[in-house]
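Peer 1: Residue numbers for the sequence shown follow numbering that gives the first Met the number 0, beginning at 0 and rising by one. Sharing a structure, written as structure tokens. Questions coming.
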Amino acid sequence: MLKINRENLKTSHQLIWFVIDFLMLGLLIINLAFIIFDSIYNFAGVQNLFAAHAPAIKELYHPIHENFLFYDLIFVSIFLTEFVVRWGYAIKAKVYDRWYFYPFIHWYDIIGCIPVGSFRFLRILRVISIIYRLHQYKVIDVTQTRAFQFFNFYYEAFMEELSDRIVIKVLSGAQDEIRRGSPLFDRIQNEILYPRREMLSDWVSQRVAEAAQEGYVPNRGALRSYLETRVDNALKQNLELSRLKYLPVVGPTIQETLEEAVGDIVANVIHQILEDLASASNHAFIEDIVNVFLPSPDANGEQDAPNEALINLIVEILDAVKSQVRVKHWRSELSG
């Protein structure tokens, strides 16, 4: 059912036009129902069915069927009169820049008035235009009707399926071009990524620092103990170092001192690297890495081999986008 907003209807300055719209909407529905019924009645089998089971209806309607054009012209005359009145009002109110624009803009009103064959069914366009106009002026709310929600759901589902296939096709084509080393890859690298090297360096630096702080600082003691244990085990398996214990008097002492020294050196080096990564001082290191992946256009032009790492990165990003595009949102709405 259409919901009518009476407040908007009362406050509108064009109340008379809204009343005319409702009257024309009712007449159009009656006229279309009349056309459909007469089209069905036109079959000989249907007439025989009425003659056998409802002779009174056949006797009543058959004269109307024989003069169907006359009765339809009555509706057409009303529609044309309303069209001419609206055209005159549009000229008077200067709705359009030229007086003859109205029939071209409202062509569907004229086409529907042709009382010939299938042209009559085009009056449904006029029904749609009236409903849309009333909805646009917030006199009625079409979006709350079950019919609109039903057709809108399947329309959105169809458009999503269609657009998904198009997007996936386009992205797959872009991936193929990037793998073949087309100008698309050079444009992505030189015109999109390269001008944003500083932004990428800042972002990667910040993310590395956050990851190092969250993963390293709380587990510093456990990491040091683990490194010392691993280094100690590795040194004990070293043949050259194990021979030091055979030296008279000082051999075991030298071996133990070397093991502790190497363990402390390795642990301190690892800890220093992680502390540097967890601080703002990692920016220069990250920037150097980003510069390797994104060299300047001049330096990139001197290279013979393509940047395989960057190509793989872009292809994987497009794969992720394609995976997200494949998600069917309309199915989740249907199940929900």
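C-beta: ideal position from N, C-alpha, C; glycine also.
1. So which of ALA146, GLU81, VAL84 and VAL314 has the shortest CA-CA distance to ALA173?
2. How about LEU124 and ILE113: do their beta carbons lie closer than 9 Å?
3. Pick helix, strand or coil for ILE73, following the three-state DSSP scheme.
4. What do you reckon, are the CB atoms on ASN30 and PHE100 nearer than 9 Å?
5. If you draw a straight line from the C-alpha of LYS76 to the C-alpha of SER171, how long is it?
6. What is the rounded straight-line gap between the Cα of PHE67 and the Cα of LYS168?
7. Distance, Cα to Cα, ASN151 vs GLU159?
8. With a threshold of 16 other CB atoms inside 10 Å of the CB of ARG119, please say whether the residue is buried or exposed.
9. Is it buried or exposed for VAL138, if we count other Cβ within 10 angstroms and need 16 for buried?
10. With 16 as the cutoff for other CB atoms within 10 Å, does PHE42 come out buried or exposed?
11. Please state whether DSSP places ALA53 in a helix, a strand or coil.
12. Among MET23, ASN232, LEU161 and GLY25, which has the Cα closest to the Cα of VAL326?
13. Determine the extent of the alpha helix (DSSP H) in which TRP98 is found, giving its start and end residues.
14. What are the boundary residues of the alpha helix (DSSP H) that ILE34 is part of?
15. Sorted by chain position, which residues of the same chain lie with C-beta nearer than 6 Å to GLU301's C-beta, five sequence neighbours on each side aside?
16. Taking GLY44 as the reference, give the member of ALA32, PHE33, ILE34 and LYS57 with the closest Cα.
17. Within a Cβ cutoff of 6 Å, which residues of the same chain sit near THR256, ignoring the five residues on either side of it in sequence?
18. Do you know offhand how far TRP98's Cα is from ILE90's?
19. With a Cβ-Cβ cutoff of 9 Å, do GLU197 and GLU307 count as a contact?
20. Measure the alpha-carbon distance for ASN127 versus THR142 and round it to whole angstroms.
21. What's the gap between the Cα of GLU59 and the Cα of ILE34?
22. Could you check how far apart the C-beta atoms of VAL324 and ASP163 are, in whole angstroms? I think they sit under 8 Å.
23. How would you label LEU14, buried or exposed, when you count the other beta carbons within 10 angstroms and need 16 or more for buried?
24. Is it true that the CB of HIS64 sits closer than 9 Å to the CB of TYR40?
25. Does DSSP classify ILE113 as helix, strand or coil?
26. For the candidate residues THR228, ARG178, LEU26 and ILE104, whose alpha-carbon lies nearest to that of PHE78?
27. Quick one: what's got a C-beta closer than 7 Å to ASP20's C-beta in the same chain, skipping five residues either side?
28. Which same chain residues, not among the five before or five after ASP108, have their C-beta less than 6 Å away from its C-beta?
29. I need the DSSP call for GLU315, collapsed to helix, strand or coil.
30. Can you give me the C-alpha to C-alpha distance between ARG206 and GLU176, rounded to a whole angstrom?
31. Which of the three DSSP states is assigned to GLY180 in this structure?
32. I'd like the span of the alpha helix (DSSP H) that includes ILE187, first residue to last.
33. With a threshold of 16 other CB atoms inside 10 Å of the CB of LEU149, please say whether the residue is buried or exposed.
34. Return helix, strand or coil for ASN47, following the three-state DSSP convention.
35. Considering only C-alpha positions, which residue in the set GLY111, SER224 and ALA156 is nearest to ASN267?
Peer 2: To lay it out plainly:
1. VAL314
2. no
3. helix
4. no
5. Sequence check: residue 76 is Ser here, not Lys. Going by the C-alpha atoms only, they are around 57 Å apart.
6. 53 Å
7. 12 Å
8. buried
9. buried
10. exposed
11. coil
12. LEU161
13. Unbroken run through TRP98: none, as it is neither H nor E.
14. 14 to 40
15. Here GLU301 scores only 49 on pLDDT, less than 50, and its place in the model should not be relied on; the value that follows carries that caveat. Answer for GLU301: no residue qualifies.
16. LYS57
17. none
18. 5 Å
19. no
20. In the sequence on display, residue 127 carries Ile and not Asn. Distance between the alpha carbons of ILE127 and THR142: 14 Å.
21. Glu is not the amino acid found at residue 59; the sequence shown has Leu there. Going by the C-alpha atoms only, they are around 17 Å apart.
22. 5 Å
23. exposed
24. yes
25. coil
26. LEU26
27. ILE129, ARG132 and LEU133
28. PHE82 and ARG125
29. helix
30. 31 Å
31. coil
32. Here ILE187 belongs to no alpha helix (DSSP H), and DSSP marks it neither H nor E.
33. Note that residue 149 is Phe in the sequence shown here, rather than Leu. Exposed.
34. helix
35. SER224
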